[in-house]
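> Have a look at this one.
Numbering (our numbering), first residue to last: 6 to 232.
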């Protein structure tokens with residue numbers, strides 16, 4: 006069997022790599038789990054999948070969601086995921102293929118498993134990471150569609166019979182019944198505690214267009230365990 010390698014370059018040093026080091030790209034193990042890790046085992050790979058989980062994104066939006074990944078590293082990972090059939094390239098953006106979307110349960114279980122680990126990083130979670138946590142910890146409740154604007158991102162939250170469906174909307178002015186506009190840190194504080202929605206609105210940390218009750222029902226459905 007021909008052995009595949011990739012060459013680590015100076016650009017990879019942001020990942021903690023040393024320049025000019027050659028390493029095997031494949032485990033050369035035929036088991037399904039090893040084949041999956043051949044595709045997803047590189048640093049940033051699963052986080053790229055997370056960023057695309059709710060809809061297509063342009064390269065600049067991916068950089069914004071993964072600020073610690075350099076442009077060259079992100080380009081390399083996207084190319085590898087595209088070659089593996091995990092990511093597609095419609096027009097000028099990237100999106101998950103059906104094969105890539107099948108990783109959603111895996112990401113949810115990673116959130117559950119990782120939640121109990123110590124928090125050693127000082128950075129802030131982004132919009133896609135926050136939506137993945139909301140998807141993980143919320144339970145279905147009767148609700149209309151909710152529109153959420155988190156900085157430059159607009160999400161539509163649709164209640165389903167088994168779980169919440171979250172879609173990244175390509176337009177900032179998505180049609181809405183009730184729309185909440187705020188920043189990621191404030192939304193996380195409302196959704197996961199300790200901030201109350203009314204208090205956030207009173208202090209102008211968030212803006213609400215439409216009735217508040219559907220949002221109250223959503224936040225009450227969130228049951229993220231304490232660390």
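From the three backbone atoms N, C-alpha and C, an ideal C-beta is built for every residue, glycine too.
#1: Nearest-angstrom Cα distance between residue 113 and residue 215?
#2: Do residue 69 and residue 148 have their CB atoms nearer than 8 Å?
#3: For residue 91, which of helix, strand or coil comes out of DSSP?
#4: Identify which residue in 65, 187 and 97 has its Cα closest to the Cα of residue 153.
#5: Could you tell me whether the stretch 158–173 touches the stretch 198–207, where touching means 3 or more Cβ pairs closer than 8 Å?
#6: From the DSSP output, in three-state form, read off residue 182 for me.
#7: Taking residue 210 as the reference, give the member of 217, 200, 218 and 219 with the closest Cα.
#8: I'd like the list of long-range same chain contacts for residue 224, defined as Cβ closer than 7 Å, with 5 residues on each side in sequence excluded.
#9: What span of residues does the alpha helix (DSSP H) with residue 137 cover, start to end?
#10: Beta-carbon separation of residue 137 and residue 124 under 8 Å?
#11: For a quick check, are the C-beta atoms of residue 174 and residue 191 less than 8 Å apart?
#12: Looking only at its own chain, which residues have a Cβ that is under 7 Å from the Cβ of residue 104, when we skip the five neighbours before and after it?
#13: How should residue 32 be labelled, buried or exposed, when 16 other C-beta atoms within 10 angstroms of its C-beta is the threshold for buried?
#14: Going by DSSP in three states, residue 84 sits in which element: helix, strand or coil?
#15: From residue 88 to residue 146, what distance separates their C-alpha atoms?
#16: Looking only at its chain, what residues have a beta carbon closer than 6 Å to the beta carbon of residue 39, apart from the 5 residues adjacent to it on each side?
Straight from the coordinates:
#1: Going by the C-alpha atoms only, they are around 30 Å apart.
#2: no
#3: coil
#4: Looking at 65, 187 and 97, the one whose alpha-carbon comes closest to that of residue 153 is 187.
#5: no
#6: coil
#7: 200
#8: 195, 196 and 202
#9: 132–142
#10: no
#11: At the C-beta level, residue 174 and residue 191 stay beyond 8 Å of one another.
#12: 90 and 91, listed in sequence order.
#13: exposed
#14: helix
#15: Each residue's Cα considered, the two are about 39 Å apart.
#16: Closer than 6 Å at Cβ, skipping near neighbours: 32.
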